[in-house]
Amino acid sequence: MASRKGDVSLHARVVVRRTGFVLDAQVEARPGRIVAVVGPNGAGKSTLLAAVAGLVVPDEARIDIGDRTLTDTARGVHVPPERRDVGLLGQDPLVFPHLVARENVAFGPRSRGAGARESRAVADRWLADVGLAGLGDRRPDALSGGQRQRVALARALAPEPAVLLLDEPFAQLDVRTAAELRDLVRAQVRRTGTAAVLVTHDVLDALTLADHVVVLHEGRVVEQGDALAVLTDPVHPFTAALAGVNLVVGTMRDGAVRTTDGVVLPCGDPAPASGARAQATFPPSSVRFVPPQEAGWDAHVVDTEPGATGIRVRTTGDVLVDVLPAVAAGLSLQVGAPVRLAVDPSSVRVRAVPTSGPVAT
Amino acid sequence: MTSTAVARPTTTGRTGTVGAPRLLWLPAALAVGLLVMPIVALVVRARWSTLAADVMSPAAREALRLSLTTSVAATAICLLLGVPLAVLLARTSGWAADVLRALVTLPLVLPPTVGGIALLYLLGRRGIVGESLDAWFGIRLPFTTAAVVIAQAFVAMPFLVLGVEGALRTAGTRFEVVAATLGAGRWTVLRRITLPLALPGLISGTILCFARALGEFGATALFAGNTPGVTQTMPLAIYAAFNGAGVPQGTAVALSLLLVAAAVAVLLAARAWRPGRAT
Numbered sequence: 047m048a049s050r051k052g053d054v055s056l057h058a059r060v061v062v063r064r065t066g067f068v069l070d071a072q073v074e075a076r077p078g079r080i081v082a083v084v085g086p087n088g089a090g091k092s093t094l095l096a097a098v099a100g101l102v103v104p105d106e107a108r109i110d111i112g113d114r115t116l117t118d119t120a121r122g123v124h125v126p127p128e129r130r131d132v133g134l135l136g137q138d139p140l141v142f143p144h145l146v147a148r149e150n151v152a153f154g155p156r157s158r159g160a161g162a163r164e165s166r167a168v169a170d171r172w173l174a175d176v177g178l179a180g181l182g183d184r185r186p187d188a189l190s191g192g193q194r195q196r197v198a199l200a201r202a203l204a205p206e207p208a209v210l211l212l213d214e215p216f217a218q219l220d221v222r223t224a225a226e227l228r229d230l231v232r233a234q235v236r237r238t239g240t241a242a243v244l245v246t247h248d249v250l251d252a253l254t255l256a257d258h259v260v261v262l263h264e265g266r267v268v269e270q271g272d273a274l275a276v277l278t279d280p281v282h283p284f285t286a287a288l289a290g291v292n293l294v295v296g297t298m299r300d301g302a303v304r305t306t307d308g309v310v311l312p313c314g315d316p317a318p319a320s321g322a323r324a325q326a327t328f329p330p331s332s333v334r335f336v337p338p339q340e341a342g343w344d345a346h347v348v349d350t351e352p353g354a355t356g357i358r359v360r361t362t363g364d365v366l367v368d369v370l371p372a373v374a375a376g377l378s379l380q381v382g383a384p385v386r387l388a389v390d391p392s393s394v395r396v397r398a399v400p401t402s403g404p405v406a407t
Numbered sequence: 007m008t009s010t011a012v013a014r015p016t017t018t019g020r021t022g023t024v025g026a027p028r029l030l031w032l033p034a035a036l037a038v039g040l041l042v043m044p045i046v047a048l049v050v051r052a053r054w055s056t057l058a059a060d061v062m063s064p065a066a067r068e069a070l071r072l073s074l075t076t077s078v079a080a081t082a083i084c085l086l087l088g089v090p091l092a093v094l095l096a097r098t099s100g101w102a103a104d105v106l107r108a109l110v111t112l113p114l115v116l117p118p119t120v121g122g123i124a125l126l127y128l129l130g131r132r133g134i135v136g137e138s139l140d141a142w143f144g145i146r147l148p149f150t151t152a153a154v155v156i157a158q159a160f161v162a163m164p165f166l167v168l169g170v171e172g173a174l175r176t177a178g179t180r181f182e183v184v185a186a187t188l189g190a191g192r193w194t195v196l197r198r199i200t201l202p203l204a205l206p207g208l209i210s211g212t213i214l215c216f217a218r219a220l221g222e223f224g225a226t227a228l229f230a231g232n233t234p235g236v237t238q239t240m241p242l243a244i245y246a247a248f249n250g251a252g253v254p255q256g257t258a259v260a261l262s263l264l265l266v267a268a269a270v271a272v273l274l275a276a277r278a279w280r281p282g283r284a285t
């Protein structure tokens, strides 16, 4: 139905300066693909989306969709939100409370000049697409939270925007509803060929939905690439923390990365040259508690918390260890307890640390 | 003795409520008495045998007709001018908006008679604008029906503006932002999102505005005078009748009851048409 002409990829470079905070980020999204922008609260994710949506005027920016320029501060171009062809789905569905589901979804097409009957027919098709067939006459307060978010998704897609911005759209949903909505968003983005930007601090969102991940930290892109690669083998300590992966930096010696905290991480080939600075990443589940005399390193327990598969133990040297409850029961893991740890070389990824790179040592 | 202190299941069956202190009943009852008893006294005092004749008298009907038409006109003016003002006030912040809001609220706290004098000095024959109106266009506002409408709009507009502005602020701008990303221009957003979301405040503000216009006395008396059929609205007719200008006090009571009935009708209509219940 949409008359998409040529390439409708999103290219955005945005600089927003606020007191004590600078956002300087670049993001690109291709049709039918989802790029995830991950970062903690305050990293500038929502500001980036607001700039793309035209809701804030950046200090410096160039935002294009295909050959349309939406924002170009150098030339004083700023297309208002209603003419940008950019949809927005936020954490809060914000379904118009005075309109039934069908009228909510029909709002976009009507605003773009379609007739009332045609818009309602379009809305009914979209409601069916998001699994709400037959609920068009429901008022928003007669819908569940998940259903309201479905209405909001249908409403955002009904005007057939070239770009869809997703601002933590699953944050307020329960686990199961969130999983269903993730599948729905992925399917609809693929089907409609919409270029989507997903902002989230949830690694699961990025892993399950995104083709490409951009890691935003204190207003800057610190890392980006294929979602699985970035999140399982992070380069930046912040990404590692976000993804729950151990990342330590040390010196290569005798086929292992050794840190000043005494952590010893054996690595297979190819390994950086001996004496080189290197960083190693390894999942917390690959770390084992071993008897005192075995190969490994000595550490102390810093604290323990519930983990994804049992108990997550934080140890000195910034190493997280995931241990099954049954195993943990046989160990004395009170705070300060001495432990000996080891990691299988096959679980460790090692790379040389660039002399001038994003990694602070 | 201790058994009375034990919490018993509430008779209403509601959960999660803490009963109000019983001592509150006394002042609350006095408040109800203060508000309701005068109306009761009015009803008791009425001479029902002549009530119909009093109410149907040409003077009374003329006053009622004038009151309703001027109040409707004043309310229409308030809607036409007050809603845009409320939208702008709700969407601006800073000291200028605060000052403007205080100025808009002024007629609310000003004695209406002061308002009447102020209107005379502005629009009277020697008024700073009125003089020019007379000289250039031959328009003389004081002591005309138009003056009644202006006086009513002056005292009633704040009710509408504050009601609508409050509703707009409560609704917030988040829905408007969503509407804009869906492709709606500013007028569409105003018409389909902003105003519908503020509808409860708009309706209650309109009703208060109309009721205030209907009961307006002081500013009207000074600025428009008390000419039967031209500027003598219900409150002025009641005042004239009560002062016994050749009219028995029974007429004043009858007219008062008519005004009470009109007010009650407005309130009932408002309750029946409250959109907050449906949403």
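Quick note, the sequences are listed as chains A and B, same order. Here the first sequence stands for residues 47 to 407, numbered as in the working numbering. Here the second sequence stands for residues 7 to 285, numbered as in the working numbering. For every residue, glycine included, the Cβ atom is placed at its ideal position computed from N, Cα and C.
Taking Cβ to Cβ, would you say residue i is nearer than 9 Å to residue j?
i, j, result
"A/Pro215", "A/Val231", "yes"
"A/Pro329", "A/Val396", "no"
"A/Leu293", "A/Arg334", "no"
"B/Leu220", "B/Ile244", "no"
"B/Ala268", "B/Leu57", "no"
"A/Leu262", "A/Ala89", "yes"
"B/Leu95", "B/Val167", "yes"
"A/Pro139", "A/Arg185", "no"
"A/Ala225", "A/Ala252", "no"
"A/Gly192", "A/Thr238", "no"
"A/Met298", "A/Ser320", "yes"
Taking residue i as the query, report the chain E residues whose CB atoms sit under 9 Å from its CB, ordered along the chain.
i, result
"B/Arg28", "Absence of chain E from the displayed structure is noted, the protein chains being A and B."
Closest by CA to residue i, which one among the options?
i, options, result
"A/Asn87", "A/Ala167, A/His247 and A/Gly78", "A/His247"
"A/Lys91", "A/Arg158, A/Ile109 and A/Asp213", "A/Asp213"
"A/Trp343", "A/Thr327, A/Glu351 and A/Val365", "A/Val365"
"A/Asp183", "A/Arg304, A/Ala147 and A/Pro139", "A/Ala147"
"B/Arg107", "B/Leu91, B/Trp31 and B/Ala59", "B/Leu91"
"A/Thr285", "A/Val267, A/Arg63 and A/Val54", "A/Val267"
"B/Arg277", "B/Leu214, B/Gly231 and B/Ala247", "B/Leu214"
"A/Arg228", "A/Ala374, A/Ala202 and A/Arg196", "A/Arg196"
"B/Phe181", "A/Ala208, A/Val209 and A/Ala202", "A/Ala202"
"B/Ser1", "B/Ala141, B/Ala247 and B/Val272", "Only positions 7 to 285 of chain B appear in the structure, and residue 1 of chain B is not among them; the question remains open."
"A/Asn150", "A/Thr223, A/Ala169 and A/Gln325", "A/Ala169"
"A/Ala200", "A/Pro155, A/Gly363 and A/Gly159", "A/Pro155"
"A/Ala75", "A/Ala120, A/Ser332 and A/Val235", "A/Val235"
So, with DSSP's three-state summary, where would you put residue i?
i, result
"B/Phe216", "helix"
"A/Thr355", "coil"
"B/Gln158", "helix"
"B/Glu68", "helix"
"B/Asp104", "helix"
"A/Ser393", "helix"
"A/Asp229", "helix"
"B/Asn249", "coil"
"B/Gly224", "helix"
"A/Gly321", "coil"
"A/Asp368", "strand"
"B/Thr23", "coil"
"A/Val309", "coil"
"A/Ala406", "Confidence is the limiting factor: at A/Ala406 the pLDDT is only 42, short of 50, which leaves the residue's position unreliable, though a coordinate-based value still follows. Three-state DSSP puts A/Ala406 in coil, outside helix and strand."
"B/Leu166", "helix"
"A/Arg63", "strand"
"B/Arg53", "coil"
"B/Leu117", "Per the sequence shown, residue 117 of chain B should be read as Pro rather than Leu. Note: B/Pro117 maps to coil in three-state DSSP."
"A/Thr285", "helix"
"B/Thr16", "Low confidence applies here, because B/Thr16 scores a pLDDT of 47, under 50, leaving its location unreliable and the question unanswered by this model."
"B/Ala58", "helix"
Measure how close the beta-carbons of residue i and residue j come, nearest whole angstrom, since I'm counting them as under 8 Å.
i, j, result
"A/Val60", "A/Leu94", "6 Å"
"B/Pro241", "B/Phe223", "4 Å"
"B/Gly136", "A/Glu128", "With a Cβ gap of about 45 Å, B/Gly136 and A/Glu128 do not count as contacting."
"A/Val399", "A/Val295", "6 Å"
"A/Val260", "A/Val73", "6 Å"
* Asked: Is there contact here, the stretch 374-392 of chain A with the stretch 337-351 of chain A, by at least three beta-carbon pairs under 8 Å?
  -> yes
* Asked: Are the stretch 233-244 of chain A and the stretch 151-166 of chain A in contact at 8 Å, needing three or more beta carbon pairs?
  -> no
* Stretch-stretch touch, CB-based, cutoff 8 Å, three pairs: the stretch 220-240 of chain B with the stretch 149-156 of chain B -> yes
* Given 8 Å as the limit, is there contact between the stretch 252-261 of chain A and the stretch 70-86 of chain A, that is, 3 or more CB pairs closer than that? -> yes
* Meets three-Cβ-pair contact criterion under 8 Å: the stretch 120-135 of chain B and the stretch 188-199 of chain B -> no
* To do: Please determine if the stretch 198-208 of chain B and the stretch 169-187 of chain B are in contact, where contact requires at least 3 C-beta pairs separated by less than 8 Å.
  => yes
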